[in-house]
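Here the protein sequences come in this chain order: A and B. So the first sequence is numbered by my numbering: it starts at 3 and just counts up by one. So the second sequence is numbered by my numbering: it starts at 3 and just counts up by one. Below: one structure, written as structure tokens.
2 protein chains.
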Amino acid sequence: MYVIAVYDIGEKRVGKILKLFRRYLNWIQNSVFEGEITEVKLLELKGKARCIMEMETDSIIIFKSRQEKWLEKEIVGIEPNELGNIL
Amino acid sequence: MYVIAVYDIGEKRVGKILKLFRRYLNWIQNSVFEGEITEVKLLELKGKARCIMEMETDSIIIFKSRQEKWLEKEIVGIEPNELGNIL
């Protein structure tokens, strides 16, 4: 399964969430991740995320697609990974 | 065509980009938008975005899917629109 995950997490918790997400998915921009993941691993990720999140203010949106080919990705401007390498 | 668009734009320009994106897509979280859009309207949006963006630092990622049903959306934590209504 191919997913795009975007989080909106309070500043105090964002470092932990970033570290967690990096273990399961590929970072592509700011608070946006993508990658192939199994249902089981995604459940694991969500479970661990819930332990870090403040459920009244934080949110994560996950878009799931059975196949990556159903999604076409286009980038306008700088390729965010390039920026990641510079920083 | 159904798209998810995420931008990473310098602070000085982010207000303009937000306003522009709101005219074409639905805001769902932070710098994340989604919605049905035609190829022509998407071209228009990208053209206008390029006029605002600093191409060496800013970026927009657009995920396109021919059909919305190919994507399943899941939210963990607060529904971002609820938060939007509160703020």
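Backbone N, C-alpha and C define an ideal beta-carbon position, used for all residues, glycine too.
query                                                                                                                : result
Candidates A:E81, A:I6, A:K75, A:L73, of which the one nearest I39 (chain A) by Cα                                   : A:I6
G79 (chain B) at chain A interface by Cβ criterion, 7 Å                                                              : yes
Buried versus exposed call for K75 (chain B) [16 or more other C-beta atoms within 10 Å across all chains shown]     : exposed
In DSSP terms, what G79 (chain A) is bridged to                                                                      : B:S61
For L27 (chain B), the three-state DSSP class (helix, strand or coil)                                                : coil
Proximity test, Cβ basis, 7 Å: N32 (chain A) and chain C                                                             : Here the protein chains are A and B, and chain C is not one of them.
Meets three-Cβ-pair contact criterion under 8 Å: the segment 66 to 73 of chain A and the segment 61 to 75 of chain B : yes
Exposed unless 16 or more other CB atoms sit within 10 angstroms - verdict on I88 (chain B)                          : The pLDDT assigned to I88 (chain B) is 48, lower than 50, so where the model puts this residue is not dependable, and the model offers no usable value.
Test: V5 (chain B) CB closer than 7 Å to a CB of chain A                                                             : no
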